[in-house]
Amino acid sequence: MSSSTRWHDDVLGEAWQARDLDLPDGAVATLVRRAAPGVGPETTDRPAVLYVHGFIDYFFQTHVADAFEARGYRFYAVDLRGYGRSVGRGSGAPVRPDDDPNFVTDLSVYAQDLDAAARAVRAEGHEHLVILGHSTGGLIASLWADARPGAAHALVLNSPWFDLNRSWVFRGPVTWVVDVVGRFAPRLVVGHLDEHWPRALHVSTGGEWDFDLAWKPLEGFPARAGLLRSVRRNQARLARGLAIDCPVLVLASARSGPAAGWHEELLTTDSVLDVEHIVSRAPGLGPDVTVVSIEGGAHDLALSPEPARSTYLREALDWLDART
1 MSSSTRWHDD VLGEAWQARD LDLPDGAVAT LVRRAAPGVG PETTDRPAVL
51 YVHGFIDYFF QTHVADAFEA RGYRFYAVDL RGYGRSVGRG SGAPVRPDDD
101 PNFVTDLSVY AQDLDAAARA VRAEGHEHLV ILGHSTGGLI ASLWADARPG
151 AAHALVLNSP WFDLNRSWVF RGPVTWVVDV VGRFAPRLVV GHLDEHWPRA
201 LHVSTGGEWD FDLAWKPLEG FPARAGLLRS VRRNQARLAR GLAIDCPVLV
251 LASARSGPAA GWHEELLTTD SVLDVEHIVS RAPGLGPDVT VVSIEGGAHD
301 LALSPEPARS TYLREALDWL DART
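Read in order, the letters of the sequence shown are residues 1 to 324 in full-length UniProt numbering.
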């Protein structure tokens with residue numbers, strides 16, 4: 001093992017470790033784990049859990065790892081290429097798709113990241129693997145599990161991004177335009193996410209959570225045509241139906257809120273995605289899908305205010321206990 005792929009101290013502190021995952025195309029992803037597992041000997045046969053973050057995100061939700069490891073599930077997280085710990089890493093051509101933060105022109109390249117993360121986790125002695133995906137990570141994890149039969153023991157999706165939360169004009173005609181533009185001008189900026197959601201989260205703007213504003217900036221990163229083109233193509237593929245061969249749990253807030261601007265229920269509704277899209281698309285993932293609504297849940301259910309946060313974690317862990 002090269003020095004770059006050994007475990008080293010992580011930015012989360014001495015209780016956490018990270019290591020590089022060198023990818024076939026010269027990019028780098030990052031795997032994160034707790035330095036000392038909180039797993040008792042009576043539960044070491046349980047699957048390991050691999051967390052996959054969403055857009056403009058990275059792994060910082062240590063309380064999620066605490067909850068899973070307390071139940072006996074060894075917890076890992078991957079920062080995908082161009083995200084968080086992996087920003088600006090790797091070598092290769094002078095201009096690669098992931099030179100821009102959070103940007104690729106084809107979601108399928110993330111299969112390399114998940115393949116490498118899964119290999120690294122299994123190399124630590126974990127025969128079975130559960131994928132926990134949030135938002136865009138939920139879409140990526142679903143596509144990966146569909147393309148890799150037998151690779152996942154179970155799939156848990158936290159507010160997965162199954163459709164564009166815009167009007168029919170954007171979901172239809174604008175999508176067709178982006179499909180053409182994204183091919184010829186992939187780096188063209190076509191939008192930004194609303195900044196009120198991250199502002200509601202961060203401690204500097206009155207929220208509960210402290211995260212790195214270089215990796216998850218309040219103003220976000222631009223949405224580029226090449227990425228949106230690939231997202232929409234893969235959302236259409238998901239809408240036609242996948243064949244994921246493991247049990248799937250889909251969790252979402254009980255209600256959607258406005259996706260732009262400040263409002264009082266920003267943290268108690270999904271104000272990024274449309275919950276109806278998530279619920280309606282979920283049955284098409286495969287033959288064994290369970291859908292759970294979390295009353296008072298935010299877009300990232302793990303960052304919801306209590307009691308929704310604990311409800312989300314309990315529902316996910318009780319389901320895993322029963323199904324794995």
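Cβ atoms here follow ideal geometry from the backbone N, Cα and C, with glycine treated the same way.
From a predicted model like this one, the values you see are computed outputs, not experimental measurements.
Could you give the C-beta distance for S159 and I278, rounded to a whole number, given that I count them as a contact under 8 Å? 7 Å
What is the DSSP secondary structure of F75, counted as helix, strand or coil? strand
Helix, strand or coil: how does DSSP classify H277 here? helix
Compare the beta carbon distance of D20 and T5 with 7 Å and say whether it is the shorter of the two. yes
Member of F60, L50, L238 and V174 whose CA lies at the smallest distance from the CA of K216: F60
Thinking C-beta only, is P247 closer than 7 Å to R323? yes
Use the C-beta contact count for P149: other C-beta atoms within 10 angstroms, 16 or more gives buried, fewer gives exposed. exposed
Counted within 10 angstroms of its Cβ, other Cβ atoms place P47 as buried (16 or more) or exposed: buried
Verify whether the separation of the beta carbon atoms of L31 and A111 is less than 7 Å. no
Proximity to G172 [Cα-Cα], best of A236, A123 and L227: A236
Here's the rule I'm using: 16 or more other beta-carbon atoms within 10 Å means buried, otherwise exposed. How should R183 be labelled? exposed
Roughly how far, in whole angstroms, is the beta-carbon of R81 from the beta-carbon of L23, given that I think they are within contact range, below 8 Å? 7 Å
With H, G and I counted as helix, E and B as strand and the rest as coil, what does DSSP make of G206? coil
In angstroms with no decimal places, state the Cα-to-Cα distance between P101 and Y83. 6 Å
Where does L218 fall in DSSP's three states? coil
Assigned secondary structure, H192 (DSSP; H/G/I helix, E/B strand, else coil): coil
Do the stretch 191-204 and the stretch 263-276 meet, that is, are 3 or more Cβ pairs less than 8 Å apart? yes
Backbone CA spacing between S280 and H8 [nearest angstrom]: 42 Å
With respect to the alpha helix (DSSP H) encompassing A225, which residues constitute its N-terminal and C-terminal limits? A225 to R240
Could you tell me the alpha carbon to alpha carbon distance between L238 and H134, rounded to whole angstroms? 16 Å
Might you give, ordered along the chain, the residues of its own chain that have their beta carbon closer than 8 Å to the beta carbon of L50, omitting 5 neighbours on each side? Y76, A77, V78, L114, A117, A118, V121, L129, V130, I131 and L132
Considering Cα atoms alone, identify which of V52, T105, R309 and A123 is closest to E208. R309
Cross-strand partners of S256 (DSSP beta bridge): D270
Collapsed DSSP secondary structure at S304 in the structure displayed: coil
Rounded to whole angstroms, what's the CA-CA distance from A27 to S86? Just pull it up for me. 9 Å
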